[in-house]
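S.K.: Taken in order, these protein sequences are the chains called V and Z. Heads up: the first sequence begins at 185 in this note's numbering, then just goes up one per residue. Heads up: the second sequence begins at 185 in this note's numbering, then just goes up one per residue. Structure incoming, see below.
Number of protein chains: 2
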Amino acid sequence: MRHTMLQSAVVIGAGLIGTSIAMSLSARGVTVYLTDREPMAALTAAALGAGRAEEPPGPVDLAIIAVPPRDVAATLAEAQRLGMARAYTDVASVKTQTFNALEKLSCDLRTYLGGHPMAGRERSGPLAARADLFEGRVWALVPTDETSEETWHTVRTLVDLCGASPLVMAPRGHDRAVALVSHTPHLVASLMAARLEHATESEVSMAGPGVRDATRIAAGDPRLWGEILAANAHTVADILSELALDLNDVIDSLRELTVMDKAEDDHDTKALIGLLDRGCAGQARLSHKRGAPLGSYVTVSVLVGDQPGELARLFTDVGAAGVNIEDVFIDHAPGQVTGLVEMLVTAEAAEKLTRRLRAPSTIMAR
Amino acid sequence: MRHTMLQSAVVIGAGLIGTSIAMSLSARGVTVYLTDREPMAALTAAALGAGRAEEPPGPVDLAIIAVPPRDVAATLAEAQRLGMARAYTDVASVKTQTFNALEKLSCDLRTYLGGHPMAGRERSGPLAARADLFEGRVWALVPTDETSEETWHTVRTLVDLCGASPLVMAPRGHDRAVALVSHTPHLVASLMAARLEHATESEVSMAGPGVRDATRIAAGDPRLWGEILAANAHTVADILSELALDLNDVIDSLRELTVMDKAEDDHDTKALIGLLDRGCAGQARLSHKRGAPLGSYVTVSVLVGDQPGELARLFTDVGAAGVNIEDVFIDHAPGQVTGLVEMLVTAEAAEKLTRRLRAPSTIMAR
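If you want it as structure tokens, here you go:
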């Protein structure tokens, strides 16, 4: 397949995101060059089929700057000075700081279009890369005042080839959004997880899936996240300050509840429930699945044995019923030989499915 | 099967936990009576096969008090006054408050053994109940100074019949543990989720699996959680106060990073990374899977189409390879026709599996 706008590219920075982009482009016939401050990273990415671990022989169609946020502007300035590409983009998760630096460094704003694919993993480095990392994800595009038509087309082609959905944003709007849905949640998960560092074994043994899910993202690379947070420090600090006000109110309410035996509907209980209500409302904003209205999916639960083939039999039955599963979750009991499989399906499918399965199962509205 | 210690039981409170226990005991041949302040709840539970929606005709072997925390002590005192059972337990997620109240109400401490099964769901009420809710879960047992041998045996039989693992704790130790791994994480998730209540559509569209997981538990019933938190207010407030100190340090560091262009290894960045490091360490305490050493499982990823039968074909192949899947996660791209299935399997199984699948797949150490 030929893409007139994007036949050659250089990926500067062979980490998780850069290597994943290189894999995706290479798989679609684009000639990809890979460079990294650490030659081993570029060589590893090349060994994984992401491209060639060498400088491009001449100007390529697109340079993808996949370096940490603080290095984006300087890397762009240098790449433009060398005339490496006809168009430039980056993948950094913060934009305002970079845009300020671009002007100071007198970068050419016509050939640059900021980018940020909303995908990542707890693991980092080229070995964690996947060609499909961006499929169906949102890819934020943040233009400068001068971004040229040609640059737009080239970067849009990149997003298309990676299977992502473009979302155009201004630098500040972008940084506020990621502060809200990515950077602040990360820090909040870290703040909670830090409480568990010195927990006793029996305390840890009481932990269920709730606290595991709530703290999972805290496992991200501290140095990389430290830099991401530093680059969006102002916005994250603002959101955390709002959270701190609520937190102090919650602590006050809990302290008041401790000193007296309160009635069910007193002021402090109400304040506590008010915060929990707001949390429910906020959580509901995220629970839409693929743009479908809430409640249009139901969960079908089936208990299966922990033996090879049990899941196969289940999903064969599901497939035979002509039912598509939107999401599936296996709830495993530690040390236990059975697991509960919860399948999220449409309401019509749920009826078909339970008729078909003829097994002890329950349907619950989600 | 006959269990000499536990042939008849009454469940007082036909909510999620009470009904699930009743289902589990009924399935194992115990005669179960169900009562609830709301007759409809007991009737619903009975209709689900949990037992008989009536008062027991005479003393039963065990009364399971499955009412909200604040009502446990009074319900126990009344049940003992009526001579409902030879032994009594409860399922409340807080114990210190109840134990204090027991003495005030002159309850018989010999026939009572406090209990708390570590299982729950975001949904509540008898319709959400499952007979297997406790399988493989920890079930905390909190004795009084006077709990009799016979009471121990009866309640241990309950835990065994429900498939749970008993963990003996003192009231304060129990309440500290649940504050740490359940109550505080819930409030922290709510505090984060509350920030999203008034997020814009494009902000929400940037949300990925990270923030979803981090806020999922915030969907729990606010009134029930308000009561749970109120009953453990002191301990939760202490943990939140520690968290607030870290939070204020983080905000200070972020504000400092905003006002100047900092070097990579300056004081404020170090403070930020220090907190992220502690979060990693705390998160790692939870990441053991079924008691297995870390790293003994690997993830096999396969891209599948979003069509009925695709998952069936995949899992049929997996079953044919004789491989057992420990956990499975479908990463769905919004508006996208493909999904990435990540299967957690043993390292040996991973090799067998990828040979068998002969499909574009990647293996990554977890």
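Backbone N, C-alpha and C fix where the C-beta goes; we use that ideal spot for every residue, glycine too. Note that the coordinates shown come from a computational prediction; the quantities given were computed from them, not determined experimentally.
1) So what's Arg-314 of chain Z in DSSP terms, helix, strand or just coil?
2) Under 7 angstroms between C-beta atoms, does Phe-283 of chain V make it to chain Z?
3) From what residue to what residue does the beta strand (DSSP E) around Ile-248 of chain Z run?
4) Quick check: is the beta carbon of Ser-374 of chain V nearer than 7 angstroms to any beta carbon in chain Z?
5) According to the neighbour-count rule (16 or more other Cβ atoms, all chains shown, within 10 Å of its Cβ), is Met-268 of chain Z buried or exposed?
6) My output table needs one value for Arg-469 of chain Z: the three-state DSSP class, helix, strand or coil.
7) Helix, strand or coil: how does DSSP classify Ser-277 of chain V here?
8) Arg-462 of chain Z and Asp-397 of chain V look like a contact to me (Cβ under 8 angstroms); what is the Cβ gap, rounded to whole Å?
9) When DSSP builds the beta bridges, which residues end up paired with His-300 of chain V?
10) Going by the beta-carbon positions, is the gap between Ile-205 of chain Z and Ile-248 of chain Z smaller than 7 angstroms?
11) State yes or no: is the beta carbon of Ala-476 of chain Z nearer than 7 angstroms to at least one beta carbon in chain V?
12) Restricting to Cα atoms, I'd like to know which of Z:Gly-199, Z:Asp-274 and Z:Pro-393 is closest to Gly-298 of chain Z.
13) Since Pro-253 of chain Z contacts Ala-276 of chain Z with CB under 8 angstroms, what's their CB separation in whole angstroms?
14) Throw me the rounded Cβ distance for the Val-216 of chain V and Ala-234 of chain V pair, which I believe falls under 8 angstroms.
15) Figure out for me which residue from V:Ala-377, V:Arg-270, V:His-370 and V:Leu-456 has the closest Cα to the Cα of Met-376 of chain Z.
16) Mind checking the stretch 392-404 of chain Z against chain V and listing, in chain order, the residues whose C-beta falls within less than 7 angstroms of any C-beta there?
17) At 4 residues or longer, what runs of the alpha helix (DSSP H) sit wholly inside the stretch 362-450 of chain Z?
18) Check the C-beta distance from Met-353 of chain Z over to Ala-363 of chain Z and give it rounded, since I have them as a contact under 8 angstroms.
19) Three-state secondary structure (DSSP) at Leu-289 of chain Z?
20) Could you round the C-beta distance between Val-214 of chain V and Leu-190 of chain V to whole angstroms and report it? I think they count as a contact, below 8 angstroms.
21) Taking 7 angstroms as the threshold (beta carbon to beta carbon), is Lys-365 of chain Z in contact with chain V?
22) Grab the span of the alpha helix (DSSP H) containing Val-352 of chain Z for me, first residue to last.
23) Can you tell me where the alpha helix (DSSP H) holding Ser-204 of chain V begins and where it ends?
24) If we cut at 7 angstroms on Cβ distances, does Gln-467 of chain V have a partner in chain Z?
25) With a threshold of 7 angstroms between beta carbons, is Asp-430 of chain Z in contact with chain V?
26) Could you tell me how far apart the beta carbons of Ala-229 of chain Z and Leu-209 of chain Z are, in whole angstroms, since I believe they sit closer than 8 angstroms?
27) Taking its Cβ as the centre, do 16 or more other Cβ atoms sit within 10 Å of Lys-279 of chain V, making it buried, or is it exposed?
28) Run through DSSP, which three-state label would Ile-509 of chain Z get?
29) Does the ligand HEM have even one heavy atom less than 6 angstroms from the beta-carbon of Gly-357 of chain V?
30) Are any of the Cβ atoms in chain Z nearer than 7 angstroms to that of Cys-464 of chain V?
31) Is it buried or exposed, Glu-333 of chain Z, if we count other Cβ atoms within 10 angstroms and call 16 or more buried?
32) To the nearest whole angstrom, what separates the beta carbons of Thr-295 of chain Z and Arg-265 of chain Z, a pair I think is in contact under 8 angstroms?
33) Can you list, in chain order, the residues of its chain with a C-beta nearer than 7 angstroms to that of Ala-285 of chain Z? Leave out the 5 residues immediately preceding and following it.
34) Roughly how many whole angstroms lie between the Cα atoms of Asp-430 of chain V and Ala-402 of chain Z?
35) With a CB to CB cut of under 8 angstroms and the five nearest residues on each side skipped, what residues in its chain are close to Val-420 of chain V?
36) Does any CB atom of chain V fall closer than 7 angstroms to the CB of Thr-295 of chain Z?
M.R.: Checking against the coordinates, here is how it stands:
1) Position 130 of the second sequence holds residue 314 of chain Z. The answer is coil: DSSP assigns Arg-314 of chain Z none of H, G, I, E or B.
2) Position 99 of the first sequence, counting from 1, holds the residue named residue 283 of chain V. Not closer than 7 angstroms to any Cβ of chain Z, the Cβ of Phe-283 of chain V fails to qualify, so no.
3) Within the second sequence, numbered from 1, the residue matching residue 248 of chain Z stands at position 64. From DSSP, the beta strand (DSSP E) with Ile-248 of chain Z extends over 244-249.
4) Walking along the first sequence from the start, residue 374 of chain V turns up at place 190. With 7 angstroms as the cut-off, Ser-374 of chain V counts as an interface residue toward chain Z.
5) The sequence position of residue 268 of chain Z within the second sequence is 84, counting from 1. Met-268 of chain Z is buried by the Cβ-count criterion.
6) Residue 469 of chain Z sits at position 285 when you count from the first residue of the second sequence. Looking at Arg-469 of chain Z - three-state DSSP - the assignment turns out to be coil, as it is neither helix nor strand.
7) If you number the first sequence from 1, residue 277 of chain V lands on position 93. Coil at Ser-277 of chain V, not helix or strand.
8) In the second sequence, residue 462 of chain Z corresponds to position 278, counting from 1. In the first sequence, residue 397 of chain V corresponds to position 213, counting from 1. Their Cβ separation, rounded to whole angstroms, is 19 angstroms, which puts Arg-462 of chain Z and Asp-397 of chain V out of contact at 8 angstroms.
9) For the purposes of this step, residue 300 of chain V is taken as the residue at position 116 of the first sequence. In DSSP, His-300 of chain V forms a bridge with V:Ala-324.
10) Numbered from its first residue, the second sequence carries residue 205 of chain Z at position 21. Numbered from its first residue, the second sequence carries residue 248 of chain Z at position 64. Yes, they are a contact pair.
11) Residue mapping note: residue 476 of chain Z aligns to position 292 of the second sequence, counting from 1. Low confidence applies here, because Ala-476 of chain Z scores a pLDDT of 39, under 50, leaving its location unreliable; read the following figure in that light. No, its Cβ sits nowhere closer than 7 angstroms to a Cβ of chain V.
12) Numbered from its first residue, the second sequence carries residue 298 of chain Z at position 114. Comparing Cα positions, the closest option is Z:Asp-274.
13) Counting from one through the second sequence, the residue named residue 253 of chain Z turns up at place 69. Counting from one through the second sequence, the residue named residue 276 of chain Z turns up at place 92. That belief holds up - the Cβ atoms of Pro-253 of chain Z and Ala-276 of chain Z are roughly 4 angstroms apart, short of 8 angstroms.
14) Taking the first sequence and counting its residues from 1, the one referred to as residue 216 of chain V is at position 32. Taking the first sequence and counting its residues from 1, the one referred to as residue 234 of chain V is at position 50. So it is a contact: roughly 7 angstroms between Cβ atoms.
15) For this step, residue 376 of chain Z is matched to residue 192 along the second sequence. Nearest C-alpha to Met-376 of chain Z: V:His-370.
16) Gly-392, Gly-394, Val-395, Arg-396, Asp-397, Ala-398, Thr-399, Arg-400, Ile-401, Ala-402 and Ala-403
17) 368-378, 385-389, 393-399, 406-415 and 417-443
18) Within the second sequence, the letter at position 169 stands for residue 353 of chain Z. Within the second sequence, the letter at position 179 stands for residue 363 of chain Z. That belief does not hold up - the Cβ atoms of Met-353 of chain Z and Ala-363 of chain Z are roughly 13 angstroms apart, past 8 angstroms.
19) Locating residue 289 of chain Z in the second sequence gives position 105, counting from the first residue. Leu-289 of chain Z: coil per DSSP, three-state reduction.
20) The residue you call residue 214 of chain V lines up with position 30 of the first sequence. The residue you call residue 190 of chain V lines up with position 6 of the first sequence. Indeed they touch by this definition, with Cβ atoms about 6 angstroms apart.
21) Position 181 of the second sequence, counted from the start, is the residue given in the question as residue 365 of chain Z. Checking the displayed sequence, the identity of residue 365 of chain Z turns out to be Val instead of Lys. Chain V, which has a Cβ nearer than 7 angstroms to the Cβ of Val-365 of chain Z, makes this yes.
22) To locate residue 352 of chain Z, count along the second sequence from 1; it is residue 168. No alpha helix (DSSP H) holds Val-352 of chain Z; the beta strand (DSSP E) holding it covers 349-352.
23) For the purposes of this step, residue 204 of chain V is taken as the residue at position 20 of the first sequence. Unbroken alpha helix (DSSP H) run through Ser-204 of chain V: 200-211.
24) Numbered from its first residue, the first sequence carries residue 467 of chain V at position 283. Yes, Gln-467 of chain V lies at the interface with chain Z (some Cβ there is under 7 angstroms from its Cβ).
25) In the second sequence, counting from the first residue as 1, residue 430 of chain Z sits at position 246. With 7 angstroms as the cut-off, Asp-430 of chain Z counts as an interface residue toward chain V.
26) Within the second sequence, residue 229 of chain Z is the residue found at index 45, counting from 1. Within the second sequence, residue 209 of chain Z is the residue found at index 25, counting from 1. The Cβ separation is near 12 angstroms, so there is no contact.
27) As a position in the first sequence, residue 279 of chain V is number 95, starting the count at 1. By the 10 Å Cβ count, Lys-279 of chain V comes out buried.
28) On the second sequence, residue 509 of chain Z is found 325 positions in, with the first residue counted as 1. Here Ile-509 of chain Z sits in coil by DSSP.
29) As for the ligand HEM, it is missing from this structure, which has no ligand bound.
30) In the first sequence, residue 464 of chain V corresponds to position 280, counting from 1. Output row for Cys-464 of chain V: interface = yes.
31) Counted from its first residue, the second sequence places residue 333 of chain Z at position 149. Exposed.
32) Taking the second sequence and counting its residues from 1, the one referred to as residue 295 of chain Z is at position 111. Taking the second sequence and counting its residues from 1, the one referred to as residue 265 of chain Z is at position 81. Rounded, the Cβ-Cβ distance is 12 angstroms, inconsistent with contact.
33) Sequence index remark: in the second sequence, residue 285 of chain Z carries index 101 (1-based). For Ala-285 of chain Z, where only same-chain residues beyond five positions count, the Cβ hits under 7 angstroms are Ala-257.
34) For the purposes of this step, residue 430 of chain V is taken as residue 246 along the first sequence, with counting starting at 1. For the purposes of this step, residue 402 of chain Z is taken as residue 218 along the second sequence, with counting starting at 1. C-alpha separation (whole angstroms): 15 angstroms.
35) Along the first sequence, read from residue 1 onward, the residue named residue 420 of chain V stands at position 236. Excluding positions up to five away in sequence, the list reads Ala-363, His-367, Thr-368, Leu-371 and Leu-413.
36) Here residue 295 of chain Z corresponds to residue number 111 of the second sequence, with the count starting at 1. No - not a single Cβ of chain V is within 7 angstroms of the one on Thr-295 of chain Z.
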